[in-house]
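So the protein lines, in turn, are chains A and B.
Counting from 1, position 102 in the first sequence corresponds to residue 107 in our numbering; the numbering is continuous, with no gaps.
Counting from 1, position 84 in the second sequence corresponds to residue 89 in our numbering; the numbering is continuous, with no gaps.
Step one of this worksheet: look at the structure below.
2 protein chains.
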Amino acid sequence: MNRRYSIQKQAILDALGRLCHPTAQEILEEIKKQYPRISKGTVYRNLNLLEEDDIVKRLFFPGSSDRFDVDVRQHNHILCVRCGRIFDLEPDSMDNIDRQIEQETGFTIIKHDITFQGACPECNRGEHK
Amino acid sequence: MNRRYSIQKQAILDALGRLCHPTAQEILEEIKKQYPRISKGTVYRNLNLLEEDDIVKRLFFPGSSDRFDVDVRQHNHILCVRCGRIFDLEPDSMDNIDRQIEQETGFTIIKHDITFQGACPECNRGEHK
DNA sequence: GTGGCTGCAAAATGTTTGCACGGAT
DNA sequence: ATCCGTGCAAACATTTTGCAGCCAC
Chain A
6 MNRRYSIQKQ AILDALGRLC HPTAQEILEE IKKQYPRISK GTVYRNLNLL EEDDIVKRLF
66 FPGSSDRFDV DVRQHNHILC VRCGRIFDLE PDSMDNIDRQ IEQETGFTII KHDITFQGAC
126 PECNRGEHK
Chain B
6 MNRRYSIQKQ AILDALGRLC HPTAQEILEE IKKQYPRISK GTVYRNLNLL EEDDIVKRLF
66 FPGSSDRFDV DVRQHNHILC VRCGRIFDLE PDSMDNIDRQ IEQETGFTII KHDITFQGAC
126 PECNRGEHK
């Protein structure tokens, strides 16, 4: 299975660079501006391939469809429940948490997914009504 | 909207007590053993009502449909990628993490969802092949 | 020419909703 | 009598898959 570098795959990576943690649907709509004939199936298939090859990271948000990130480092996210924006957290801000859980449980931790929800500083200051 | 306590709602709570973090589908199948005529829609509707009333907690696992828990305390979960079992973590094991994130980001944290993935002690000892 | 990728449409999956009926208050 | 909850089926949203054709190697 020798992977090829198609126009469509490149368009998906470009869209991922322009958008912030988009869903597959948002990526599709963005690409359609330039390539109106791209299909849903192609976007989903390529996102799965890119995830397999560790070129993009799939993000899970409660109550939302999957989102995608070009930053594949282990890092976590925080969603503002007021303005809906999603922010990145520093990759190392939770370095020790896996070790802490390993000590508590005897597990060997491979990965974690953490999503915080709250109100961002701007919303706290009333800047987004 | 005065909520009633139907047989079906009670059956869902009973099933939740017997099963471990089940999906809606698993709850439906469990109840069908006793009430073969219960419908999918009823299970989903009641789970939503029970969540609204803080009687059950909805859990999000990457790549899985929603799961439900009778333990509504803020607590986190850990999934063994080998045996597939889901374990609870102590509710207070991550008490300070929200404060840490608030200091780092200026957010006001409302909640977090954390899912760890790894190998459980039994699997590490080779007890589940 | 082989094999991977495409667009398209259909299928699969998980969840919600419209509706007429029935039971509890 | 009212109104909430039910079973059923249809609708909906998201994602995957089957297929014939195409394009790059």
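From the three backbone atoms N, C-alpha and C, an ideal C-beta is built for every residue, glycine too.
Please read all numbers here as calculations on a predicted model, not as lab measurements.
- Here the C-alpha atom of Thr47/A lies approximately 15 Å from the C-alpha atom of Asp19/A.
- Ranking Ile12/A, Ser44/A and Val77/A by CA distance to the CA of Pro96/A puts Val77/A first.
- Against chain B, the CB of Lys116/A has a partner CB under 8 Å away; the residue lies at that interface.
- Straight-line measurement puts the Cα of Glu57/A at about 15 Å from the Cα of Ile17/A.
- Counted as a single uninterrupted DSSP element, the alpha helix (DSSP H) harbouring Asp103/A occupies residues Asp100 to Thr110.
- Distance check between Leu94/B and each of Met6/B, Lys37/B, Phe121/B and Glu109/B places Phe121/B closest, using alpha-carbon atoms only.
- Under the DSSP assignment, Cys128/A falls outside any beta strand (DSSP E), being part of the alpha helix (DSSP H) whose first and last residues are Pro126 to Asn129.
- In this structure, the CA atom of Arg90/B is about 24 Å from the CA atom of Met99/A.
- No Cβ-Cβ contact shorter than 8 Å links Arg72/B with Thr113/B.
- The beta carbon of Ser70/B lies closer than 6 Å to those of Thr28 in the same chain, with the five residues before and after it left out.
- The beta carbon of Ile32/B is closer than 8 Å to those of Ile17, Ala20, Leu21, Leu24, Val48, Leu52 and Phe73 in its chain, skipping five residues each way along the sequence.
- For Leu54/A, the closest C-alpha among the options Asn129/A, Gly131/A, Lys14/A and Glu35/A is that of Lys14/A.
- Taking 8 Å as the upper bound for CB-CB distance, Arg87/B and Ala124/B are in contact here, some 5 Å apart.
- Look at Arg23/A here: in three-state DSSP terms it is helix.
- Proximity of chain B to Ala124/A at the Cβ level (cut-off 9 Å) is accounted for by Phe112, Thr113, Ile114 and Ile115, in chain order.
- One thing to note: Asp103/B has its Cβ no nearer than 8 Å to the Cβ of Pro67/A.
- In this structure, DSSP gives Ile114/B an extended state, which the three-state scheme calls strand.
- In this structure Asn7/B is exposed. Its beta-carbon is surrounded by fewer than 16 other beta-carbon atoms within 10 angstroms.
- Per DSSP, the unbroken beta strand (DSSP E) holding Ile83/B starts and ends at His82 to Cys85.
- If you look at Arg50/A, you'll find it in the alpha helix (DSSP H) that goes Lys45 to Glu57.
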